[in-house]
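Single-structure report; data block below.
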Amino acid sequence: MTFSFGNRKQRDILLQAVFLAVVLTLLLIAVMTTRRNLEIQGLSVGWSFLNYATGSSIVFSLIHYDLDSSFARALLVGFINTLFLGTISVSLAVLLGTVIGTARLSSHKLVKSIAGVYVQIFRNIPLILQAFFWYAIFVNFPSPRQAIAVPGGFFMSNRGIFFPMFNIEAWYLLAAIAIFIIGSIISVAVARRTGRGSSLVGIFLSLALAFIVGYAGRLADTPLFDMPQPKGLRFLGGGTMTPELGSAIVAIALFGASYVAEIVRAGFLSIPTGLIEAAHALGLGNWHVFWRIRLPLMIRRILPTMTNQIIWLMKATTIGIAIGFPDYFGVVANSINHSGQTISLIFLLIIGFWAINMTISITMNAINRALALPGHKK
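Residue 1 is where the sequence shown starts when you use full-length UniProt numbering, and the numbers rise one by one after that.
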């Protein structure tokens with residue numbers, strides 16, 4: 001077979017091959033140059049440093065960590081912190097944004113105006129400035145001796161927010177929460193698909209199973225709830241939300257909610273008015289029209305855009321480094337300072353965020369396919 005430059009298919013293949021060869025050549029040159037420069041400086045690239053002790057502390061960790069822990073352990077702590085911060089912040093942003101986006105379409109002028117002002121304020125102030133603002137508020141709470149007591153066993157001080165905590169092993173608690181959430185989602189989905197029975201039965205069963213799992217992980221000889229108790233300049237017992245974590249959650253949630261609100265509003269506005277008029281003509285009330293027609297159609301329409309927004313908010317957790325929260329990015333930066341293994345750690349940073357974002361993308365695409373109307377599934 002002879003090559004003809006006039007043949008478009010053969011020409012495209014040749015151009016792609018040349019482009020690929022140029023990219024690989026440049027990549028090879030970059031690798032060789034980097035390796036030579038590292039050898040000149042007496043540095044080596046490898047993974048053995050991951051087993052060395054870091055010698056540095058991390059102010060917030062969901063798993064055990066001390067000065068003798070390895071770099072690998074520190075990176076795991078940072079990765080879990082990022083997932084923890086991102087999950088809470090994104091969940092709050094989606095919930096709050098949905099409420100505000102719906103309020104933006106309210107016929108009540110005051111509700112509509114308040115929602116509009118919220119969006120304009122929080123969407124147009126840089127996220128990092130909002131993080132600094134909320135951090136300044138958290139660290140200026142009263143000292144532990146004059147902590148603000150909130151009904152229910154909560155205390156607010158400049159050391160953080162202290163709250164009652166279950167005396168349950170962490171993995172059992174996480175498993176119980178996961179069982180309840182997944183079980184509730186499946187119950188609602190099955191009830192809507194089949195049109196038989198109520199989803200409340202499945203939700204109550206999920207709650208009962210979650211309670212059994214949680215109770216099985218209860219710490220021996222302890223009450224079910226561990227209440228925080230003030231003692232001098234600190235609190236004993238209960239759980240703690242540090243100022244760094246609290247300000248990061250509030251900043252990302254409020255900032256993200258302003259964008260989610262506009263996505264939700266656009267989703268509602270994209271629904272043909274003929275569908276709404278037809279529903280009212282069939283005798284459906286406003287609540288049934290919203291719950292059974294507008295909300296499901298809105299969710300289907302906004303999922304692709306919402307996926308991008310959720311991914312962006314997960315990456316926005318890197319602002320934690322600006323206020324001292326040890327997220328994955330911050331732990332990697334600290335590890336670079338202590339080990340000098342810049343290339344290896346930057347590679348792990350890229351892989352970590354790639355894994356998070358790909359997981360979100362795959363999950364949201366699966367949900368999108370599951371919710372697609374018949375004839376529109378791909």
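All C-beta atoms, glycine included, are put in the ideal place defined by N, C-alpha and C.
Can you give me the C-alpha to C-alpha distance between residue i and residue j, rounded to a whole angstrom?
i	j	result
Ser339	Gln146	41 Å
Met165	Phe235	13 Å
Leu20	Thr363	31 Å
Val260	Val23	38 Å
Gly256	Asp12	43 Å
Ser361	Ser91	16 Å
Leu110	Leu233	45 Å
Ser69	Arg8	59 Å
Gly237	Val117	40 Å
Trp286	Leu105	One point to set straight first is that residue 286 is Asn, not Trp, in the sequence displayed. So the alpha carbons of these two residues sit roughly 14 Å apart.
Ala30	Arg36	10 Å
Arg292	Gly283	13 Å
Ile121	Ala115	10 Å
Arg294	Phe225	41 Å
Ile351	Leu76	13 Å
Phe138	Ser89	17 Å
Ile310	Ala103	21 Å
Ala17	Ile346	30 Å
Lys112	Trp354	38 Å
Ser107	Leu275	19 Å
Ala251	Trp134	7 Å
Can you give the beta carbon distance from residue i to residue j, rounded, assuming they're within the 8 Å contact cut?
i	j	result
Pro223	Asn167	6 Å
Val289	Ala74	Their Cβ separation, rounded to whole angstroms, is 53 Å, which puts Val289 and Ala74 out of contact at 8 Å.
Met298	Phe268	5 Å
residue 382	Thr54	The requested residue 382 does not occur in the structure, where the chain is confined to residues 1 to 378.
Met314	Asn357	7 Å
Ala176	Ala210	4 Å
Leu371	Arg301	Not really, about 10 Å apart at Cβ, beyond 8 Å.
Phe155	Ala149	6 Å
Any idea which residues DSSP pairs residue i with across the strands?
i	result
Ile302	According to DSSP, Ile302 bridges with nothing at all.
Met358	In DSSP, Met358 forms no bridge with anything.
Gly239	Phe163
Arg218	Ile168
Ala149	Phe155
Pro230	Phe235
Ala210	Bridge partners of Ala210: none, in fact.
Phe225	Phe166
Ser70	Ala53
Within its chain, find whatever has a CB closer than 8 Å to the CB of residue i; leave out the 5 residues flanking it on each side and keep chain order.
i	result
Ile367	Leu303
Leu348	Leu75, Val332
Ile50	As written in the sequence, residue 50 is Leu, which differs from the Ile given in the question. Counting only Cβ-Cβ distances below 8 Å, and skipping sequence neighbours, we find Ser70, Phe71, Ala72, Leu75.
His280	Val289
Give every residue of the same chain whose Cβ lies closer than 6 Å to the Cβ of residue i, excluding the five residues on either side of it in the sequence, and list them in chain order.
i	result
Gly153	Pro164, Met227
Asn337	none
Ala253	Ser89, Leu92, Ala93
Leu169	In the sequence under discussion, the amino acid at residue 169 is Glu, which differs from the Leu named in the question. If we look at Glu169 and ignore the five residues flanking it on each side, its Cβ neighbours are Gly217.
I'd like the list of long-range same chain contacts for residue i, defined as Cβ closer than 7 Å, with 5 residues on each side in sequence excluded.
i	result
Ser206	Ile179, Phe180, Gly183, Ser184, Ser187
Asp327	Gly78, Asn81, Thr82, Leu85, Thr317, Thr318, Gly320, Ile321
- prompt: Counting Cβ pairs closer than 8 Å, one from the region 313 to 322 and one from the region 81 to 94, do we hit at least three?
  reply: Yes, the region 313 to 322 touches the region 81 to 94.
query: Any contact of the region 232 to 243 with the region 157 to 172, i.e. 3+ C-beta pairs under 8 Å?
result: Enough Cβ pairs lie closer than 8 Å, so yes.
message: Under 8 Å: do the region 118 to 127 and the region 215 to 232 share three or more Cβ pairs, one atom per stretch?
response: Contact fails between the region 118 to 127 and the region 215 to 232, because fewer than three Cβ pairs, one in each stretch, are under 8 Å apart.
query: Is it a yes or a no for the region 263 to 280 touching the region 91 to 107, going by three-plus beta-carbon pairs under 8 Å?
result: Yes: the two stretches touch, three or more of their Cβ pairs being nearer than 8 Å.
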